[in-house]
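Working notes for the structure below.
Residue numbers (the numbering used here), protein chains in the order written: chain A, 8 to 263; chain B, 2 to 283.
And the structure:
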């Protein structure tokens, strides 16, 4: 069959479409022009202004704290969930499975709105805690999916072997199962970490007046006058996400 | 013993998702039947008044626009993603990995940054507007920002990977020699594609449509930043009621409508899949 070039052409155009806005953003972070309509010379000034923007660094600290706490919690809950879902088949697991997978297809807006309604009704004050709860809730599903994928390749006879050799169940899990699953668990945790850092919509609903994360800060900067500073901040954020993604990729490929 | 262990293993995540996902989702529906409260919460007792206010407020144009925008985004994304998925399974393994990685890159970039990137490209002083003006494509004073076209463009931009990935997964399972067989039997290239390949990746098309459609239905950030007041979607109204007016029951009633709009297509697909599954067995 003669190969048509049409699909290749569309793919190329799609890649240009997907990547060029980001490339322009990165290039413009070094552009002296305020709006980036044309190149007006190389400059570090946006990065220098960014360095002096204390509210951005305060937001970064909040974001990292929340991301660290949420990803660790989601890692524990997600791993347990994946293990239960993989090992058992019952009505309980059907319900459990639905509760873990439905958030994956739930629009962020609905999740944010429902958590806001929940926190207001229960009288919980909006702030760090509510953001943490919200982030754990949407991260658990992702961690569970990554670990489930890993469990599908796991050879459960290894656990039986450990038991036959006299290891108590807890010991067998700790010394055999956890080390072999660890790359998957960590990859899930890293995914949760990046998702938590990236989230805007859900955080917008459940954040209190005093707690601002980086995406919320960027959104409020977009309404202001310091637009080129966002280019610089975005470039740094893109670089940071890439490092994390590369790490997650390595972990997932590094099969024991 | 095993039963107890199962319960112990399941309990943490089950309880968490029940309390922080299922109950809040039910609560939104319940809150739609509550009277509003001046302090920004929900009042005591039950009422249909909130729902009546929502019905009176004439949201029909907004609902219509939300559905229309989501449908247009879905159609565009799937149409663009189909040739990409077809191409991805044809190229060598190494290329495929690299292309997939490049497609996922924008996915890894912060959502708000992607919206910002387009906002600055479409800005009157931005690169894209300037380039189009210089090329004589648009008039000097053309406004590319704050209109429905800009919203649609950015919606397609942010949701395209959602369409490409499920379609690629389906295309990967398709037996490509079937296409050659169709050609050998005398079908033209387009006929072979339409008659053999498209039905073959049907599942992927359905998943891609659902993914993109459901995600766009709940959008409010994109219309807020690159659209004008006339481009608002249901999500914008929800945030305005929740934060602008601090009328939580009103916002909840709207969110409950959105929830139904999300659940109905998902349930329909699930039923359709089940029906097809039975058909395949019998």
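Beta carbons are placed, not taken as given, at the ideal position from N, Cα and C, and that holds for glycine.
Being a predicted model, the structure only gives us computed values, none of them experimental.
Output, in chain order, the set of chain B residues within a Cβ distance shorter than 9 Å of residue 209(A).
Residue 209(A) sits at position 202 when you count from the first residue of the first chain. Result: empty, since nearest Cβ-Cβ is about 11 Å, beyond 9 Å.
Taking the C-alpha atoms as reference points, what is the distance between residue 49(B) and residue 258(B)?
As a position in the second chain, residue 49(B) is number 48, starting the count at 1. As a position in the second chain, residue 258(B) is number 257, starting the count at 1. About 15 Å.
Please tell me whether residue 88(B) has its Cβ less than 8 Å away from any Cβ of chain A.
Translated into positions along the second chain, residue 88(B) becomes position 87. Residue 88(B) counts as touching chain A.
Nearest neighbour of residue 304(A), chosen from 239(A), 67(A), 202(A), 52(A) [CA to CA]
Nothing can be reported for residue 304(A), as the shown portion of chain A is limited to 8 through 263.
Rounded to the nearest angstrom, what separates residue 229(B) and residue 149(B) at their Cα positions?
For the purposes of this step, residue 229(B) is taken as the residue at position 228 of the second chain. For the purposes of this step, residue 149(B) is taken as the residue at position 148 of the second chain. Rounded to whole angstroms, residue 229(B) to residue 149(B) spans 8 Å at the Cα level.
Mind listing the chain A neighbours of residue 119(B)? Cutoff is C-beta to C-beta under 8 Å, in chain order.
The count along the second chain starts at 1 and reaches residue 119(B) at position 118. The answer, in chain order, is 28.
Can you check DSSP and say which residues form a bridge with residue 38(A)?
Residue numbering aside, residue 38(A) sits at position 31 when the first chain is read from its first letter. Looking at the DSSP assignment, residue 38(A) forms a beta bridge with 49(A).
If I measure Cβ to Cβ from residue 72(A) and keep anything under 8 Å in the same chain, skipping five residues before and after, which residues do I get?
Locating residue 72(A) in the first chain gives position 65, counting from the first residue. Excluding sequence neighbours, residue 72(A) sits near 135.
Name the chain A residues whose beta carbon is nearer than 8 Å to that of residue 81(B)?
Numbered from 1 along the second chain, position 80 holds the residue referred to as residue 81(B). Simply 17, 21.
Taking just the CA atoms, how far does residue 263(B) sit from residue 117(A)?
Position 110 of the first chain, counted from the start, is the residue given in the question as residue 117(A). Position 262 of the second chain, counted from the start, is the residue given in the question as residue 263(B). Taking the straight line from one Cα to the other gives about 10 Å.
Taking the alpha-carbon positions, what's the residue 179(A) to residue 86(A) distance?
Reading the first chain from its first residue, position 172 is the one you call residue 179(A). Reading the first chain from its first residue, position 79 is the one you call residue 86(A). Spanning the two alpha carbons is a distance of roughly 16 Å.
So residue 118(B) and residue 32(A) are supposed to be a Cβ contact under 8 Å. How far apart are they, rounded?
Counting from 1 along the second chain, the entry for residue 118(B) is found at position 117. Counting from 1 along the first chain, the entry for residue 32(A) is found at position 25. Residue 118(B) to residue 32(A), Cβ: 5 Å. Contact.
Taking 8 Å as the cut-off, does the stretch 152-166 of chain A touch the stretch 46-64 of chain B (at least 3 CB pairs, one atom from each stretch)?
no
Listed in chain order, which residues of the stretch 121-152 of chain B have Cβ atoms closer than 9 Å to some Cβ of chain A?
121, 122, 124, 125, 126, 127, 128, 129, 130, 131, 132
At least 3 beta-carbon pairs within less than 8 Å: the stretch 106-113 of chain B vs the stretch 225-242 of chain A
yes
Decide if residue 262(A) is buried, meaning its Cβ has at least 16 other Cβ atoms within 10 Å, or exposed.
Translated into positions along the first chain, residue 262(A) becomes position 255. Note that residue 262(A) has pLDDT 46, beneath the 50 cutoff, so the model's placement of it is unreliable and the number below is only indicative. Residue 262(A) should be labelled exposed.
Residue range of the alpha helix (DSSP H) that includes residue 176(A)
Residue mapping note: residue 176(A) aligns to position 169 of the first chain, counting from 1. Start and end: 176-179.
Local Cβ density within 10 Å of residue 225(B), reported as buried at 16 or more and exposed below that:
By 1-based counting over the second chain, the position of residue 225(B) is 224. By the neighbour-count rule (16 or more Cβ atoms within 10 Å), residue 225(B) is buried.
Candidates 218(B), 64(B), 38(B): which alpha carbon is nearest residue 246(B)'s?
As a first step, residue 246(B) is located in the second chain; it is residue number 245 there, counting from the start. Taking only the C-alpha atoms, the option nearest residue 246(B) is 38(B).
Step through the CB atoms of chain A and report whether any lies within less than 8 Å of the CB of residue 7(B).
For the purposes of this step, residue 7(B) is taken as residue 6 along the second chain, with counting starting at 1. Yes, because at least one Cβ of chain A sits closer than 8 Å to the Cβ of residue 7(B).
Quick one: what does DSSP say residue 43(B) is sitting in, helix, strand or coil?
Taking the second chain and counting its residues from 1, one reaches residue 43(B) at position 42. DSSP places residue 43(B) in strand when its eight states are reduced to three.
When 65(A), 69(A), 95(A), 140(A) are compared against residue 5(B), the one with the closest alpha-carbon:
Here residue 5(B) refers to the residue found at position 4 of the second chain. For residue 5(B), the nearest C-alpha among the options comes from 95(A).
In chain order, each beta strand (DSSP E) run of at least 3 residues that lies wholly inside the stretch 171-208 of chain B:
Qualifying beta strand (DSSP E) stretches: none in this window.
Using 8 Å as the cut-off, can you tell me whether the stretch 146-166 of chain B makes contact with the stretch 76-94 of chain B, which would need three or more C-beta pairs spanning the two stretches below that distance?
yes
In chain order, which alpha helix (DSSP H) runs of at least 4 residues are fully inside the stretch 192-230 of chain A?
Counting only runs of 4 or more, we get 208-213, 221-229.
Could you tell me the boundaries of the alpha helix (DSSP H) in which residue 25(B) lies?
Position 24 of the second chain holds residue 25(B). Its alpha helix (DSSP H) spans residues 24-32.
Would you decide whether residue 119(A) is buried or exposed? Buried here means 16 or more other CB atoms lie within 10 Å of its CB.
For this step, residue 119(A) is matched to residue 112 along the first chain. By the neighbour-count criterion, in which a residue is buried when 16 or more other Cβ atoms sit within 10 angstroms of its Cβ, residue 119(A) is buried.
Using 8 Å as the threshold, is the stretch 206-226 of chain B in touch with the stretch 134-141 of chain B, meaning 3 or more CB pairs across them?
Result no; under three Cβ-Cβ pairs closer than 8 Å.
Rounded to the nearest angstrom, what separates residue 251(B) and residue 243(B) at their Cα positions?
Start at 1 with the first residue of the second chain, and residue 251(B) comes out as number 250. Start at 1 with the first residue of the second chain, and residue 243(B) comes out as number 242. Between the C-alpha atoms of residue 251(B) and residue 243(B) there is a straight-line separation of about 8 Å.
C-beta contact flag for residue 69(A) and residue 85(B) at 8 Å:
Taking the first residue of the first chain as 1, we reach residue 69(A) at position 62. Taking the first residue of the second chain as 1, we reach residue 85(B) at position 84. Contact: no.
Minimum length 4: unbroken alpha helix (DSSP H) runs contained in the stretch 39-95 of chain B:
For the stretch 39-95 of chain B, whole alpha helix (DSSP H) runs of length 4 or above, ordered along the chain, are 50-57, 61-91.
Please determine, among 168(A), 194(A), 13(A), the residue with the shortest C-alpha to C-alpha distance to residue 184(A).
By one-based count along the first chain, residue 184(A) stands at place 177. Checking every option, the nearest Cα to that of residue 184(A) belongs to 168(A).
CB contact check: residue 276(B) to chain A, cutoff 8 Å
Counting from 1 along the second chain, the entry for residue 276(B) is found at position 275. So, not an interface residue.
Sequence-distant residues of the same chain with beta carbon closer than 7 Å to residue 67(B), five excluded per side:
Position 66 of the second chain, counting from 1, holds the residue named residue 67(B). Correct list, in chain order: 218, 234, 235.
Can you check whether the C-beta of residue 223(B) is within less than 8 Å of a C-beta belonging to chain A?
By 1-based counting over the second chain, the position of residue 223(B) is 222. With 8 Å as the cut-off, residue 223(B) does not count as an interface residue toward chain A.
Within the stretch 54-134 of chain A, note down every full alpha helix (DSSP H) run reaching 4 residues or more, in order along the chain.
Listed in chain order, the alpha helix (DSSP H) runs fully inside the stretch 54-134 of chain A are 61-94, 98-112, 115-129, counting runs of at least 4 residues.
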